[in-house]
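A.B. asks: Pasting a structure below so you can have a look.
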Amino acid sequence: MHRSCAGPREDAGVVSPLQNHCLSPGDPMLTLDPVALTQAVDAAAAAVKEAAASPGAIAYVGRGAATITATDGTGDLATGAPAQATTAYEIGSQTKTMTATVVLQLVAEGRLALDEPVARYLDGSTLAGIPNAQTATLRQLLNHSSGIPDCDQVPGSSGLPAYVEAARADPSQIFTVDAFLNLVRGLDAEFAPGTRFNYSNTGYLLLQKVIEAVTGTPLNTVLQARIFTPLGMDNTRLDDFSPDPARWSSYAQLGGGPLTDVGMLRIDSGGDGGVVSTAADMVKFQRALLVDRTLLPGSLLSDMQVPFTLPGVAPGPAGYGLGIDTGMLNGTSLMAGHTGGTLGTVTMGFTALGSGTTFGMAVNGRIESAGDGAITGGLQALLPLVDQLAAQKSLPDALLAPVTQVAFASGSAADLVLAETGTGSQMQLAGLTLDVALRLPGIATGDVVFLDGSTLLVGDGLAMTGGDMLGNRLDIARLAPAAMGKDNQLIGLGGTDTLIGGNGRDRLLGGEKTDLLQGGRGNDTLVGGSGADIARVTGPVTLRSDGGAVIVVSADGVDRLEQVELLRTDAGVRMADPGFQLPVDATSYLARNPDVAKAGVAAHDHIRSFGLREGRVDRLVVDEAFYRAEHPDVDAAINAGVIRSASDHFDWFGRREGRDPTSLFDTTWYLTTNRDVGEAVQRGTITAYDHYLAFGAREGRNPSPWFDGAHYREAAAVPQGVNPLLHFLVIGAPQGLSAPAADSGLWG
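To convert, count from 1 in the sequence shown and add 1; that's the numbering used here.
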């Protein structure tokens, strides 16, 4: 498919970064510009951060299957780590919309009634001393007309809120929902129920108690079952204060002091503000509630959005309803959602009801001098953006239907990140996330088009040699010659695949089984996946480690290898990781295998590629340190130069003497557990270790109580015919795998 794309349109000298220049009337393929969309939301994130005077900010805009997320600043002042699009944060009072949704679901099920008093559902001890709690209705709790005082506003002795003082006094203790309720016991009511509006977090904590009383289930479990799991909100939970490396740090000025990290304070805001989520998950919730309308019956969703008004006054189009706030979007159309704030985080999430566009933001600092700058700045930055998106069709109506084809006006195939979902696949490019109704094995080249000319090639996922629909060979030169100089991506999936790039910055993903990956010219990324994968590079190479990857410098470019075991060059096959050392003495191996020495192949390379499978290392895998520590006579002999190594001693003497070559082989335990072997050893027909090598592993016998061969074989995909213990010692342990214990049956 060939497309032309005109340059940016200029109106009075202004260039709009959101104008979709490649989408023309009647064009059947959805076209998106990830870079332009991301740049626009980037600007919004920067504006939000500046308005809030916050360390970091997240902003997002989404419509239908597409979401754009951008960040600015840092998520952790101590480390300087940048805020990430996947960062988890406290959503604050956006939790109220979730709590209200559950209450209305229970109303729809006939288990609750909005105009019944809360006292009908809670016992006297829960409500004791809370003003208006005996007469206020569920509806009045939901729309903040109950007159019950706000527990967050009860002052402490220092002038800070009482709950903040208590949490700071003992950070190791959780300030609980019950502790919040205790703050308002004995206080005076603000007003008679239903006569005025006064925002009260206390009301939503009582609604939490109602939900738990009616369902007999904790709120976190209810939210998980009714909202988070059905919507695929995998990174959302009611805060349980467990360590979460994906969560950013939150900061606040307390009493006019310096900016303080308040993330360590364990404040359980429960049903009024206790949920932790991500931008992507919040889009799912907003979309399901207000666009797809799948969480509530239509009549109750309408009731939810009816604002509270004084008695005798007709409700207007905007205001606070039942756990949701409605307002005018630039004076022309309605938006609905909620703002949120915790001690150190400010958030908001809204949906433009006319276009179905969701938008929101979060900042990780509450600065007294900034006041409401985060919310005001967020609205000022995001509302015009939502209007532009609607007017310029940058997020067109086609996104509201299942997406089966897409053209990207910016970015390259090599930069696309693909992942399978429950309904298809998810694509990420720049800051754009797109859910498509295509399974990974079913993506054809014409389904995903890149206007820079790069190509995405995906195999069929068949886990068999020769089973790939593209002839088991994804070759840019053969299948997409016009893309030879572009930045392409090749994905093998299942099967034994051959992936060959072109001359650009290609990305090759092998998937399962044993794959051959050749980047071609250019600076490529080769990811082997599971299986013993081989990368092929032309000419002499220089290797260096980079974290868990290997950097290969050759005449063709600088390639990055991940999860690749072997490197094939013009000089032969070698280990991909230059720092990888096998626990086998190379000199002993070559002495016992003259054919290998004659071929001039490095011992460790041959062991990894052939020796383990051919049984050439059976008696050479000896833990030198363990063996010498266990057998002082051997250590003394080695120090005296009588024998060269523990491997030599074990091969010549130790195995016949019943010495253990490694802590994972226990001769005494093996003979005790396998009495038939003990009898054979007593007759002198075989040694315990030789029995395990020749018969035991194949028969499912374990070498010790500290190694479960069956579990390891399954977890590490050990090929048939290869001894699992030897595989672990030679390959698994040096790569950081753990030995599964036979007595627990656990792989860990």
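We treat Cβ as the ideally placed atom computed from N, Cα and C, and that holds for glycine. All figures in this text were calculated on a predicted structure; none of them were measured in a lab.
According to DSSP, is Ile149 helix, strand or coil?
C.D. replies: Looking at Ile149 - three-state DSSP - the assignment turns out to be coil, as it is neither helix nor strand.
A.B. asks: Below 7 Å CB to CB, which residues in the same chain sit around Val723 once its five sequence neighbours on both sides are set aside?
C.D. replies: The answer, listed in chain order, is Leu613 and Arg614.
A.B. asks: On the three-pair Cβ rule with 8 Å, is the stretch 155-162 touching the stretch 94-113?
C.D. replies: The stretch 155-162, when compared against the stretch 94-113, does not touch it at the 8 Å Cβ threshold.
A.B. asks: Distance, Cα to Cα, Phe242 vs Pro172?
C.D. replies: Spanning the two alpha carbons is a distance of roughly 12 Å.
A.B. asks: For the candidate residues Val36, Gly523 and Leu78, whose alpha-carbon lies nearest to that of Gly503?
C.D. replies: Of the candidates Val36, Gly523 and Leu78, the one whose C-alpha sits nearest the C-alpha of Gly503 is Gly523.
A.B. asks: Just to confirm, is the Cβ distance from Gln490 to Ala414 under 8 Å?
C.D. replies: Yes, these two residues count as a Cβ contact at 8 Å.
A.B. asks: Could you tell me if Gln287 is buried or exposed, where buried requires 16 or more neighbouring beta carbons within 10 angstroms of its beta carbon?
C.D. replies: The residue in question, Gln287, is buried, as its Cβ has 16 or more Cβ neighbours within 10 Å.
A.B. asks: Which residues in the same chain have their Cβ closer than 8 Å to the Cβ of Asp667, if we skip the five residues on either side of it in sequence?
C.D. replies: These residues qualify, in order along the chain: Asp661, Pro704, Ser705, Pro706 and Trp707.
A.B. asks: Does DSSP classify Pro312 as helix, strand or coil?
C.D. replies: Pro312 falls in the coil class under three-state DSSP.
A.B. asks: Are Ala48 and Ala382 closer than 8 Å when you measure CB to CB?
C.D. replies: Cβ distance < 8 Å, so Ala48 and Ala382 count as in contact.
A.B. asks: Under the rule that 16 or more other beta-carbon atoms within 10 Å means buried, what is Gln174, buried or exposed?
C.D. replies: Under this definition Gln174 is an exposed residue.
A.B. asks: How many angstroms separate the CA atom of Thr1 from the CA atom of Arg238?
C.D. replies: Beyond the ends of the chain as shown, which are 2 and 749, falls residue 1; an answer cannot be given.
A.B. asks: Less than 8 Å between the C-beta atoms of Ser94 and Thr352, yes or no?
C.D. replies: No; because the gap between Cβ atoms is not below 8 Å, this pair is not in contact.
A.B. asks: Would Val565 pass as a contact of Gly529 if the rule is Cβ separation under 8 Å?
C.D. replies: Yes, they are a contact pair.
A.B. asks: Determine, using beta-carbon pairs with one atom in the stretch 252-269 and one in the stretch 216-224, whether at least three such pairs fall under 8 Å.
C.D. replies: Too few Cβ pairs lie closer than 8 Å, so no.
A.B. asks: Per DSSP, what kind of secondary structure is Asp326 in: helix, strand or coil?
C.D. replies: Residue state, collapsed to three classes: strand.
A.B. asks: Where does Thr801 fall in DSSP's three states?
C.D. replies: Residue 801 is absent from the structure shown; the chain starts at 2 and stops at 749.
A.B. asks: Would you check if the distance between the CB atom of Thr343 and the CB atom of Ser251 is smaller than 8 Å?
C.D. replies: Yes; because the gap between Cβ atoms is below 8 Å, this pair is in contact.
A.B. asks: Of the choices Arg537, Ala280 and Leu323, whose alpha-carbon is the least far from that of Leu500?
C.D. replies: Measuring from the Cα of Leu500, the nearest candidate turns out to be Arg537.
A.B. asks: Is the Cβ-Cβ distance between Gly521 and Asp498 less than 8 Å?
C.D. replies: Against a cut-off of 8 Å, the Cβ pair of Asp498 and Gly521 comes out as no contact.
A.B. asks: The alpha helix (DSSP H) with Asp304 in it runs from where to where?
C.D. replies: Element bounds for Asp304: Gly299 to Met305.
A.B. asks: Using the DSSP secondary-structure output, state which residues sit across from Gln519 in a beta bridge.
C.D. replies: Answer by DSSP bridge pairing, in chain order: Ile501.
A.B. asks: Using the C-alpha atoms, what's the distance from Ser146 back to Phe309?
C.D. replies: For Phe309 and Ser146, the distance between alpha carbons rounds to 8 Å.
A.B. asks: From what residue to what residue does the alpha helix (DSSP H) around Arg676 run?
C.D. replies: From DSSP, the alpha helix (DSSP H) with Arg676 extends over Arg676 to Gln683.
A.B. asks: Return yes when the Cβ of Arg140 is within less than 8 Å of the Cβ of Asp116, no when it is not.
C.D. replies: Yes, Cβ-Cβ distance for Asp116 and Arg140 is below 8 Å.
A.B. asks: Taking the alpha carbon of Gln154 as the point to measure from, which residue in Leu142, Gly710 and Leu182 has its own alpha carbon closest?
C.D. replies: Of the candidates Leu142, Gly710 and Leu182, the one whose C-alpha sits nearest the C-alpha of Gln154 is Leu182.
A.B. asks: With three or more beta-carbon pairs closer than 8 Å as the criterion, would you say the stretch 55-72 touches the stretch 398-406?
C.D. replies: At 8 Å Cβ cutoff, the stretches touch.
A.B. asks: Looking only at its chain, what residues have a beta carbon closer than 6 Å to the beta carbon of Gly328, apart from the 5 residues adjacent to it on each side?
C.D. replies: The answer, listed in chain order, is Ala319 and Met336.
A.B. asks: Apply the 10 Å Cβ neighbour rule to Ser589 and answer buried if 16 or more other Cβ atoms are within range, or exposed otherwise.
C.D. replies: It counts as buried.
A.B. asks: Run through DSSP, which three-state label would Asp398 get?
C.D. replies: DSSP places Asp398 in helix when its eight states are reduced to three.
A.B. asks: Less than 7 Å separating the Cβ of Val528 from some heavy atom of the ligand NAD?
C.D. replies: Judged by which ligands are present, the structure shown has none, so any question about the ligand NAD falls away.
A.B. asks: What's the call for Met349, buried or exposed, on a 16-neighbour Cβ count within 10 Å?
C.D. replies: When all chains shown are included, Met349 counts as buried.
A.B. asks: Closer than 8 Å is the cut-off here; do at least three beta carbon pairs connect the stretch 480-489 with the stretch 446-460?
C.D. replies: Taking 8 Å as the limit for Cβ pairs, the verdict is that the stretch 446-460 does touch the stretch 480-489.
A.B. asks: Three-state secondary structure (DSSP) at Met428?
C.D. replies: Three-state DSSP puts Met428 in a strand.
A.B. asks: Once the 5 residues before and after Thr422 are set aside, which same chain residues still bring their CB inside 6 Å of it?
C.D. replies: If we look at Thr422 and ignore the five residues flanking it on each side, it has no Cβ neighbours.
A.B. asks: Check whether the Cβ atoms of Tyr693 and Arg702 sit closer than 8 Å, and answer yes or no.
C.D. replies: In this structure, Arg702 lies closer than 8 Å to Tyr693 by Cβ.
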